[in-house]
Amino acid sequence: MFSTKDDNHFHEALRLYEAKQYKKALKTLDSVLKRNPKHYQSLSLKGLSLFYQDPLNPPKEAEQYILKGSSNGSSNPVVCHITGLYYRALKDYSNAAKWYSLAMENKSPNKGILRDLASCLTQIRDYKHLIKPRVEYLDDQPTYRANWTSAAVAYYLNGQYVNAENILTKIEDLIKDHLTDSDMFEHSECLLFKNRAIYEDGDIARALSNLEDLEKSGLIGDGAKLLEYKAEYLEKLDKKQEASVVFRTLLQRNPENYGYYLSLERCLGTDKMGARVRLALYEKLAKYYPRSDPPQFIPLTFLEGEEFAKKAEQYLVGQLRRGVPSTFVNVKPLYKKRSNWKVLYEIVKKFYDTEENPLSHCWAGYYLCQHYYHIKEYEKALESINEVIEQTPTLVELYMMKARVLKRKGLLKEAAEEMDQARKLDLQDRFVNSKAVKYYLRANEIRKAIDIASLFTRNEGNPNGVQDLHMMQCVWFLTESAEAYERLYREAIKEWKEGQSEEEEEDHSAVLAREHLKKRVAHSIGLAIKRFLAVVKVFEEYEDDQFDFHHYSMRKGTPRTYIEMLEWEDRLYHEPMFLRSAIGLSRLYLEVSESEEFGSELLTNPLHNLNRTRKEKKEEAKKREELVKYSRGYAKDEDVFGEKILKEIVDRNEEVSKFLAQLGKRVADESNIDSEYVVFAVNQYLKKYVLCLQAFNKVCGIDKESDYVKEMYGELEKDMKDEETPEAVRRILGSKLEQLVSEQLVSEAN
1 MFSTKDDNHF HEALRLYEAK QYKKALKTLD SVLKRNPKHY QSLSLKGLSL
51 FYQDPLNPPK EAEQYILKGS SNGSSNPVVC HITGLYYRAL KDYSNAAKWY
101 SLAMENKSPN KGILRDLASC LTQIRDYKHL IKPRVEYLDD QPTYRANWTS
151 AAVAYYLNGQ YVNAENILTK IEDLIKDHLT DSDMFEHSEC LLFKNRAIYE
201 DGDIARALSN LEDLEKSGLI GDGAKLLEYK AEYLEKLDKK QEASVVFRTL
251 LQRNPENYGY YLSLERCLGT DKMGARVRLA LYEKLAKYYP RSDPPQFIPL
301 TFLEGEEFAK KAEQYLVGQL RRGVPSTFVN VKPLYKKRSN WKVLYEIVKK
351 FYDTEENPLS HCWAGYYLCQ HYYHIKEYEK ALESINEVIE QTPTLVELYM
401 MKARVLKRKG LLKEAAEEMD QARKLDLQDR FVNSKAVKYY LRANEIRKAI
451 DIASLFTRNE GNPNGVQDLH MMQCVWFLTE SAEAYERLYR EAIKEWKEGQ
501 SEEEEEDHSA VLAREHLKKR VAHSIGLAIK RFLAVVKVFE EYEDDQFDFH
551 HYSMRKGTPR TYIEMLEWED RLYHEPMFLR SAIGLSRLYL EVSESEEFGS
601 ELLTNPLHNL NRTRKEKKEE AKKREELVKY SRGYAKDEDV FGEKILKEIV
651 DRNEEVSKFL AQLGKRVADE SNIDSEYVVF AVNQYLKKYV LCLQAFNKVC
701 GIDKESDYVK EMYGELEKDM KDEETPEAVR RILGSKLEQL VSEQLVSEAN
């Protein structure tokens, strides 16, 4: 047993910790541990206080004290709670949940732990164990509606919809006579959530009955969603006539919603009838909603021949005369049929040749350029847009379109300059500014891109907007700049390898140029990796940010939106931008680890050993300062060019291996070819060849003609011939490759 004096000092230290006076807390804890080195609560609290003194760079002693306290005091609820807080701060939610659970098993009187435990379990998607802490916390705090909602959500996530409904019904009965105006939004959301629980349980008829009662009550604030649910239920109960009435009501609320029109057709059965019947329906709808686009456009998706041409002319000419810039985009789905786009082209060409209104004539020319662009006739597209620009030289969209055409022709620098010209026509337009930045990045002109982007960033104390773009999580910029740096690296490494083959004796200036090239190689790939890592960091922050919403959403009474958020988060690492970065990262990590140049020459810094003149040193320092200015992504970045990261990759640092293993798990998706390529590259780096084979097999199953297949086959063949690969693995690789790859593919790879 510990003395009362030690416990009193511990509680004093705990009070200081909660007041964020960590130094004073540590001083008090040291006095306790000096007398009693086995005071486990003090050991744990000292570890937590050390961590929070510098959470961005915590000392190793913090973890040591936590481990000392938890290894011997695991039966103490205070120690378990503190350990849980430590792992939560580390964002190790699995371990945090483990220690929070132990704290409650050891009879901790602090019921707030249950709420934190529930948040951790939701974060790691351990829904199976989520119900218990949510219900126990509800039993302890039944006067707070958010706790009832939380328990209902826990049951819902486990598929126990009846229990979710019962919880929600009980709280409704308790508070029905005590609702205030400020409670009505939360009440409305919870009523709809309960209705959805009834529906998910499979009792659609009861869900409809409940929804109709809610509609009569006037308690639902989200009228559109109520009607959408009602129409959905009626249609599933085969009450299609009634459902069609609801869809007509929805159209009155939002006549621009294409889905409502198609659903109305489905309910009326006209979607399976002839074109004449369908056209009659849409002509009638067009009279009701003359300014809406869907009833004018949808008939074009099923009409043919003369009827199609007639309606298409009405639609196109009307849009061009009104000066709608998105006219081509609106009809683009019709281009799937060759016969359609020929008719559309003839209509617009005729209009262009005969129209006298200069603005309508301009938009028709703009359409024609987009038409040629879409069918890949880039010379005609360029000729068309130049003609329109000559007539109307002040329209931003024309220059943007010309830039797109030039990009398709492979003239990236000219395309960027044209997009910049569009930007200069409207300096207040952030969208066009972003387009110019993107085009300069595609042309590998990173500094110009940064300068232009910096016009719209907050550059307080910084030379440009690079740091602000990192802080604002501008994922598209980070991804595009990473790929630009990767392209610059490939140019530089190619130049480096070509120079390696030359055996001529070099003078001082040639040697210096060679060393500068070496630096360019290392800096380009280092910055590419750092920018890709910045994207990964942003997505990790997206994942971490949901933690606070596990409680906040319940408090705000938005369970439906909360569940949508969880579903979105579950797909987070399959977002296209993340996959692009994951592909780039895995490819570069593998390349660096396998490259002999990075292991020897490219990461050395022989510039210090060269006899350089004072002028050369001064120029070198100036160049580096300028390079740092355009490269520093974070204020306290000590590895601006990623040199430390490159060394860690070459040395196969344990942390690098852990990171890549986690990356592979995050993106794994058997139906996505990009995901499986990342899994392959990661396991290639980790030398897990059987997993590489599995990924290769999946990629072959998705698309055997993909460029990935040839690249992966080449890598596996290289591993099979590598003497460092274990003999048993080499045999497996050899036999499996014969099974997975056709003779034609093998001959192509060879």
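Residue numbers (the working numbering): 1 to 750. Ideal Cβ placement from N, Cα and C applies to all residues, glycine included.
- Nearest Cα to K194 within the set I175, N163, S182 and Y258: N163.
- DSSP places S101 within a helical segment (H, G or I) once states are collapsed to three.
- Not a single unbroken stretch of the beta strand (DSSP E) spanning 3 or more residues falls wholly within the stretch 215-301.
- By the criterion of a C-beta distance shorter than 7 Å, G642 is surrounded in its chain by G526, L527, I529 and K530, once the five residues flanking it on both sides are discounted.
- Excluding sequence positions up to five before and after Q421, its CB lies within less than 7 Å of the CB of Y399, all in the same chain and listed in chain order.
- The closest CA to that of E242, considering only I220, R266 and Y378, is found on R266.
- Counting every other CB atom within 10 Å of its CB across the protein chains shown gives V679 a total of 16 or more, marking it as buried.
- Each of K230, Y155 and L226 was checked against the Cα of D201, and the nearest Cα belongs to Y155.
- The alpha-carbon separation between L663 and F308 amounts to approximately 50 Å.
- In this structure, the CA atom of S706 is about 20 Å from the CA atom of L585.
- Out of H39, L90, P37 and S101, the CA that lies nearest to the CA of K60 is found in L90.
- In this structure, Y542 keeps its C-beta atom at 8 Å or more from the C-beta atom of L579.
- By the neighbour-count definition (other C-beta atoms within 10 Å, threshold 16), W568 is an exposed residue.
- Here R447 is not near A436, since their CB atoms are 8 Å or more apart.
- Counting along the chain, the unbroken alpha helix (DSSP H) around I389 starts and ends at Y378 to Q391.
- Under a 10 Å Cβ-count criterion, K718 is classified as exposed, with fewer than 16 other Cβ atoms of the shown protein chains found around its own Cβ.
- In the three-state scheme derived from DSSP, where H, G and I count as helix and E and B as strand, M577 is classed as helix.
- With a threshold of 16 other beta carbon atoms within 10 Å, K438 meets it and is buried.
- Per the coordinates, the alpha-carbon of R322 lies some 18 Å from the alpha-carbon of Q370.
- For the pair G269 and P294, the Cα-to-Cα distance works out to about 18 Å.
- In this structure the stretch 371-379 touches the stretch 326-344; the number of beta carbon pairs closer than 8 Å is three or more.
- Annotation: D54 is outside any alpha helix (DSSP H) and is labelled neither H nor E by DSSP.
- Taking I220 as reference, the option from S244, A207 and F185 with the minimal CA-CA separation is F185.
- A224 places its beta carbon 8 Å or farther from that of V246.
- Out of E483, R666 and A668, the CA that lies nearest to the CA of L588 is found in E483.
- Non-local beta-carbon contacts of V396 in its own chain, meaning distances under 8 Å to residues more than five positions away in sequence, involve A422, L425, D426, D429 and V432 in chain order.
- Counting only residues of its own chain and dropping the five nearest sequence neighbours on each side, Q391 has a CB closer than 8 Å to the CB of P358, H361, C362 and G365.
- In the three-state scheme derived from DSSP, where H, G and I count as helix and E and B as strand, D639 is classed as coil.
- The three-state reading of DSSP puts Q739 in helix, counting H, G and I together.
- C-alpha of A146 to C-alpha of V317: approximately 56 Å in a straight line.
- Straight across, the Cα-Cα distance linking W148 with I452 is about 51 Å.
- Under the three-state reduction of DSSP output, P463 falls in the coil class, being neither helix nor strand.
- One Cα belongs to V521, the other to A492, and the distance between them is close to 5 Å.
- In the structure shown, the three-state DSSP call for P58 is coil.
- Taking 8 Å as the cut-off, the Cβ atoms of E648 and Q684 do not count as close.
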